[in-house]
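Here is the structure we will look at.
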Amino acid sequence: MTKIIACGLIIAVGWFCGGIYADYRQKSYLELCGMISLLESMKNAISYSRTELYGIFVSFSDKALDSCGFTETLKSSDIVPANEIWHNALERLSVGEGIKDVLSSFGSTLGLLDCDTQIERIEGCMAFLSKEREQMRAALAGKIKSYRYLGALAGCLAAIVLY
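According to this note's numbering, the sequence shown is numbered sequentially starting from 11.
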């Protein structure tokens, strides 16, 4: 009887591990959506009101970026240059390395270029991130349940081996 309970427990652990991974992927997607919103906000503020970057960072809020600490890091100091704050904040994100590389490249010139060039760089970054978001959305929609079932299947295999 204890073997059956142990097998059920192993399967449940596999199910929950799959759920944790699915939540991680969902969090990554929401952070990417938040980054696109931040870039849109930056573009609008720079285009229309010529707002300084720190003012944009202070006024911006997004639930996913707030929960990972990204916006808190951006708002941490107005003395440090924007590109340094940006790189420190990127460490808080759980998006993929390819996306982080693009955001890091964008951030390396943040606050160092004229407004028109900065807007062009924002638009280029937004185009890349939007394409990534669409790919993630398509992949994530079908895979969320699959991650849980795959975790349960791995638990079943472990239970069979141990039983």
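Backbone N, C-alpha and C define an ideal beta-carbon position, used for all residues, glycine too.
Put residue i into one of helix, strand or coil per three-state DSSP.
i           : result
residue 172 : helix
residue 60  : coil
residue 124 : coil
residue 90  : coil
residue 85  : coil
residue 105 : coil
residue 72  : coil
residue 12  : helix
residue 140 : helix
Assuming residue i and residue j form a contact by the criterion Cβ under 8 Å, report the distance between their Cβ atoms to the nearest whole angstrom.
i           : j           : result
residue 103 : residue 110 : 7 Å
residue 105 : residue 48  : About 13 Å; that fails the 8 Å criterion.
residue 29  : residue 160 : Wrong, their Cβ atoms sit about 11 Å apart, outside the cutoff.
residue 74  : residue 40  : 4 Å
residue 139 : residue 92  : In fact, because the Cβ distance is near 19 Å, the residues do not count as touching under 8 Å.
Using a 10 Å radius around the Cβ and a threshold of 16 neighbouring Cβ atoms, would you call residue i buried or exposed?
i           : result
residue 11  : exposed
residue 38  : buried
residue 151 : exposed
residue 145 : exposed
residue 169 : buried
Could you tell me the distance, in whole angstroms, from the CA atom of residue i to the CA atom of residue j?
i           : j          : result
residue 204 : residue 70 : Past the edges of the chain, shown from 11 to 173, lies residue 204, and the structure says nothing about it.
residue 134 : residue 95 : 21 Å
residue 17  : residue 33 : 24 Å
residue 66  : residue 98 : 17 Å
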